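Enquirer: Before we start, here is the structure in question, set down as structure tokens.
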Amino acid sequence: MKIIWNGHSCFTVEADGSTVVVDPYSDGTVPGYAPLRLTADAVFCSHEHSDHNGREAVTLTGRDCAISVQEIHTFHDDKKGSMRGENIIRVFSAEGMRVAHLGDLGCEPEPEQLEQLKGLDAVLIPVGGFFTINAEQAKSLVDKLEPRVVIPMHYSFPGHGYDVIETVDKFLKLCGNVVKYDTNIFELTADTPAQTAVLKK
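Following the numbering used here, the numbering of the sequence shown begins with 2 at its first residue and continues without gaps.
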């Protein structure tokens, strides 16, 4: 399974001959990031904010998608959506592996939702705070879920992202097995060792 970070919270997942794009941002909505021009069999958006619902940036192939998708409905804030609305976690399954994209999660999932997220091969998790869970909350959630691979997203770095969200550094200081890659592509196999994977954009 190939996991490609396109920037911010946008990822492409390739597996079983199919391709999905998750949370593409619309042109000009996230400081520092170039416009997206992607192709996929399916596109999914965790919620309807413009930095996550840029469906127009993805050209659909018209092919059937072999990657199965499970949806878990959560909230974009810790007040049951009254501030920022709902958020959809999606679990993508293919090639015997499960990868969860947590979207703009802003709350602790319910106990039964946590159970559905156990046994993940990888989790794509927001860590920047302000609009989402912060570094400490993300680490607490990772400790509960115990995924094999953790890939942080929705953080800022020089020239990229919103000024009000944190860099990835605070989260990484809380984590072990940090591996920094010189690419935005992560190859996930059944033998990939446990790690916190920082992809380069």
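Each residue gets a CB set at the ideal place from its N, CA and C atoms; glycine is no exception. Remember, predicted model here, so these are calculated numbers, not experimental data.
1. Given this structure, state the Cα-to-Cα distance separating R91 from S69, to the nearest angstrom.
2. Are there 16 or more other CB atoms within 10 angstroms of the CB of N178, so buried, or fewer, so exposed?
3. From Y26 to L106, what distance separates their C-alpha atoms?
4. Tell me P127's beta-bridge partners as DSSP assigns them.
5. Evaluate contact between the stretch 55 to 63 and the stretch 136 to 144, counting only Cβ atoms and requiring at least three cross-stretch pairs below 8 Å.
6. So, are the CB atoms of D24 and A67 less than 8 Å apart?
7. Considering only DSSP beta bridges, list what F45 is partnered with.
8. Using 10 angstroms around the beta-carbon of G55, count the other beta-carbons present and answer buried if the total reaches 16, otherwise exposed.
9. Let's see if you can read the secondary structure: which residues bound the beta strand (DSSP E) around L61?
Expert: Taking the coordinates as given:
1. 10 Å
2. So N178 counts as exposed.
3. Approximately 16 Å, taken between the alpha carbons.
4. M154
5. no
6. no
7. V23
8. buried
9. Where L61 is concerned, the enclosing beta strand (DSSP E) stretches over 59 to 61.
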